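Worksheet: one structure, shown below.
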Amino acid sequence: MSGNLILGAGIAGISAGYHAKKAGIRSVIYEKDGDWGGLCGNFTINGFRFDRFVHFSFAPDAADRKFFAGTHGMYEHVPFPGSYYHGCWLRHPAQNNLAPLSPSEKVNIIADFIARPQKSCEDIAQYDEWLRVQYGSYFAEHFPFAYTRKYWGVEASELETRWVGVRMYSPDLRQVLKGSYETQDECFYFAKKMFYPRKGGFRSILNGCREGLDIRLNKKVVHIDVKRREVTFADGSSAGYERLISTLPLPEIVTMLDDVPRAVREAVSGLHHTCGYQVSLGFHRPDVAKHLWFYIYDEDIPPARVYSPNLKSPDNVPEGCSALQAEVFYDHRSVIPPAGDVLEKTVTAMTGMGLFDKKDIAVCDIRFEPYANITFTPGIYEKRALVRHYLKSLGIESIGRFGKWDYVWTHQAFADGRETA
Ligand SMILES: Cc1cc2nc3c(=O)[nH]c(=O)nc-3n(C[C@H](O)[C@H](O)[C@H](O)COP(=O)(O)OP(=O)(O)OC[C@H]3O[C@@H](n4cnc5c(N)ncnc54)[C@H](O)[C@@H]3O)c2cc1C
């Protein structure tokens, strides 16, 4: 064939195909799943639509926002997520919304906040120290240390700090004190507005570019012969290429190549990530969902985070109904409990939190995602650079969240596809 061969029909691959097409270059996109969208995709059960994990768009670029809005437009949400901690509901971020906690817990948090080590964050390489310096030890140990184990599947001491950026809010003493007396109305989330398609679920942001693309589904790549410039699929078929763009995870693509140098194999084995379950629940009642999303700090409750599909858009549920999707994450190296156990434990725990009664459930589903977040363990930058440099030397352009091996949001994966094309 002539033109681009693109591996993966997530937002990065679709964007690459779309922008190449605009430039007059033909592309064929090969996707292992039976549907397009990757992590931007969704599934529907009895009229309840669920995305693959929480998803909002917060593209900073106005042209991208307009493009993602398509013909149906977007709902605009101001994010006020909640936090659940040992029976208390706090606003997010918990560190400056302590009001609902007991007086003794507030005293412990505030005393440790005042006594926290004074150190510049730029000098701190380890996440556990970063948290103690930002929030004081009591809060660090009871909130983000616990959340790190739930969200990242590792201890805070196992993470480095360069990924943090705008993601964690650092209050001053006045904000901590104010928030310990009263609920704060200010939005402290790093994105002040979050957008979600009115119709069709999150993947509708791709409606403007998917039409007319040659996307071949159920085509799992199993081997890449860079000398013959040929890709082989699990069904035994193969395709030649002039230019190869991959959005496949680095640890996957390396297994598809011949004669990979030992240094590359070692580097890739040192790249870590999370995987996880989506527990998706639809309810006969309209009022189960109270928060756009919320965090759960308790470690005996499996989900780290829960979001409400119907509050993102009412188009996601049948009339008079509501829904929740809980995200349960693991480090990819850990022993993953069976889906049935996680489902049972999650539903029981959420019932115990008073969110719903089991009799309210209309739809109940659990799915596993092998790749969720890149884990920023020490050495990640050098290891991924080595692997990507090797792929480049073979003429493979590796893009997107798992191709770059980075904490990439959808608008960044979209930009990646555009720049590559
Ligand atoms: C829990 C969670 C929440 C998130 N929330 C947000 C959010 O609110 N806002 C936001 O902007 N971003 C969010 N993101 C990030 C966003 O999902 C990603 O940045 C984006 O979807 C990545 O797109 P991609 O095309 O790079 O990768 P993917 O979507 O993973 O696409 C890669 C594609 O390659 C396919 N593939 C893999 N192996 C093979 C193979 N062997 N052969 C053929 N095809 C293969 C996969 O099936 C997939 O379709 C979130 C991510 C997670 C995990």
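Take the position in the sequence shown, starting the count at 1, then add 4; the result is the number in the working numbering. Even glycine gets a Cβ: it sits at the ideal position worked out from N, Cα and C. Since the model is a prediction, treat every value here as computed from it, not as a measurement.
Taking every protein chain shown into account, the CB of His415 has 16 or more other CB atoms within 10 angstroms, so this residue is buried. Among the bridge pairs identified by DSSP, Gly280 is matched with Phe333 and Glu373.
Taken from the Cβ of Lys196, every heavy atom of ligand 1 lies 7 angstroms or farther away. If the five residues before and after Val170 are omitted, its C-beta is found closer than 8 angstroms to the C-beta atoms of Phe194, all from its own chain and listed in chain order. By the neighbour-count definition (other C-beta atoms within 10 Å, threshold 16), Asp291 is an exposed residue. Annotation for His288: Cys325, Asp364 and Ala366 place their beta carbon closer than 7 angstroms to its own, counting only its chain and skipping 5 residues before and after. DSSP links Glu401 through a beta bridge to Ile249.
In this chain, the alpha helix (DSSP H) harbouring Thr350 covers Ala343 to Gly356. Per DSSP, reduced to three states, the secondary structure at Cys92 is strand. Checking the 7 angstroms criterion, the Cβ of Lys316 is out of range of every heavy atom belonging to ligand 1. A contact is defined here as three or more CB-CB pairs under 8 angstroms, and the stretch 25-41 fails this definition with respect to the stretch 341-360. Using a cutoff of 7 angstroms, the CB of Gly383 does not count as near ligand 1, since none of the ligand's heavy atoms is closer than that. The Cβ-Cβ distance between Gly86 and Glu246 does not fall below 8 angstroms. Per the coordinates, the alpha-carbon of Ala129 lies some 6 angstroms from the alpha-carbon of Glu164.
Scanning the stretch 41-65 from its first residue to its last, the whole beta strand (DSSP E) runs of 3-plus residues come out as 46-49 and 52-55. Burial state of Thr259 is exposed, judged by a 10 Å Cβ sphere holding fewer than 16 other Cβ atoms. Annotation for Leu94: Ser87, Asn101 and Pro104 place their beta carbon closer than 6 angstroms to its own, counting only its chain and skipping 5 residues before and after.
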